[in-house]
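Each residue of the sequence shown is one higher than the one before, counting from 103 in my numbering.
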Amino acid sequence: MTVSTLTLLVLRIGFLLLLWLFVFAIVYALRSDLFGQRVRKLQSDAAPGPFANVPSAHPASAPTAGVSAATGAVAGAAVTGDHPLAGLARPTTGPIDRQSAPATGRHPRPGEPTGAFPNRPMATVLTANKLVITSGPRRGTEVTLGNEPITIGRSGESGLVIRDDYTSTHHARLMLWNNEWMIQDLDSTNGTFLDGQRVTVPTQVPLDAPIKIGTTTFELRR
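Dropping the structure here:
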């Protein structure tokens, strides 16, 4: 074996050793990233703390469970009519339709100025007869109001079809509540605005108040 052959063999062995060291370093780094560092266990013979004998406060929740059980019993009796307070309890028999019922505490008389527009007459089935588009691609269009809700959006199934880049497929809805017209936003992207204010809940619509959806503005008129 010549000197050059021996040197080449040593270089090969050294290269393999470096390669394996590199591989082990990568594996160790990946292991640390995937599994993290080993958690040190606490000593089992550690001295107990000064509050080791203090009773826990968790058992105090037992009376709450008793109250809950009593409440459930009263509710069950209210449903079956066996409890003396059964006449006062009104259990819920179905889901509440939050979309059709506006969040109003008192039901005003039809046409009475209320809500965010206390000094303006409201649009009702008796005072509002038509929807008039005052700006936008369909300016001048009039829609006769009836007793049915009117959906507004880009969908061809909408009662009032508005197609622009700022109108959602199902954007808003005009509906009647106690014979008064309400505007409801249907979770649209760009929002519905009544007289410059964004509509977040079903809101009463005053007569001649501008309602803006996308680039279109319309009003409810006599």
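No residue lacks a Cβ here, since even glycine has one placed at the ideal position from N, Cα and C.
Exposure of residue i, with buried meaning 16 or more beta-carbon neighbours within 10 Å
i    : result
R192 : The predicted position of R192 is uncertain, since its pLDDT is 42 and thus under 50; a value taken from the coordinates is nonetheless stated next. Exposed is the call here.
G316 : buried
V129 : exposed
W122 : exposed
E321 : buried
E250 : exposed
I115 : exposed
D147 : Reliability of the predicted coordinates at D147 is poor, the pLDDT of 46 falling under 50, and the value obtained from them is presented with this limitation in mind. D147 comes out exposed.
K232 : exposed
Limits of the beta strand (DSSP E) - the one that residue i falls within
i    : result
L233 : K232 to S237
I315 : I313 to I315
E282 : E282 to D287
A274 : A274 to W279
V245 : E244 to T246
R323 : T318 to R323
I264 : Premise fails: I264 is in no beta strand (DSSP E) and is neither H nor E.
G255 : I252 to G255
Assumed close pair residue i, residue j - CB separation to whole angstroms, cut-off 8 Å
i    : j    : result
T253 : G261 : 5 Å
H273 : G255 : 4 Å
T318 : S237 : 7 Å
L276 : I285 : 6 Å
P406 : L309 : Look at the range of the chain in this structure, 103 to 324, and you will see that residue 406 is not part of it.
Is there contact between the region 230–244 and the region 289–301, where contact requires at least three CB pairs shorter than 8 Å? no
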